[in-house]
Amino acid sequence: MDLVRDVLDKQVVDRRGAKMGRVDGIVAELRPGRPPVVMAIEIGSVAMARRIGERTGRWIARLAAKIGGPRYAEPYRIPWHRVRRIDVDIKVDIDVVDTPLDDWQCWLREHIVGRIPGAR
2 MDLVRDVLDK
12 QVVDRRGAKM
22 GRVDGIVAEL
32 RPGRPPVVMA
42 IEIGSVAMAR
52 RIGERTGRWI
62 ARLAAKIGGP
72 RYAEPYRIPW
82 HRVRRIDVDI
92 KVDIDVVDTP
102 LDDWQCWLRE
112 HIVGRIPGAR
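My numbering numbers the first residue of the sequence shown as 2 and each following residue consecutively.
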């Protein structure tokens, strides 16, 4: 499997079919003399910003923590063993309402999208 091609930037869907976001990062364990092992996928603006650069990642992490609190300073990680299927979307055995991702989407809907004329 080509992780970058088959996993990175794909839509993540929870067990009920709700969209959770896109895969913004892949966490792998490097082992001396052996192939790396994929540990988790990451979702969130901090992981995406880290792909641009370390400085950008730190800046976005500080901004996210200031807006949403300290738990948003790190990307949300989904353990690799919770990934059920990789297809057009990546299906995971997690419910989005049990994650901070749902809190963030609700906040955006209430404070940003809800204030756009004609958005409701």
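The beta carbon of each residue, even a glycine, is placed where N, CA and C say it ideally should be.
| Asked | Found |
| --- | --- |
| Please tell me whether Asp-15 and Val-24 are closer than 8 Å, where the distance is taken between their beta carbons. | no |
| Apart from the five residues on each side of it in sequence, which residues of its chain come closer than 8 Å, Cβ to Cβ, to Pro-37? | Ala-29, Glu-30 and Leu-31 |
| So for Arg-83, helix, strand or coil by DSSP? | helix |
| Rounded C-beta distance between Ala-19 and Val-89? I'm assuming under 8 Å. | Ala-19 to Val-89, Cβ: 16 Å. No contact. |
| Taking the C-alpha atoms as reference points, what is the distance between Lys-92 and Arg-83? | 9 Å |
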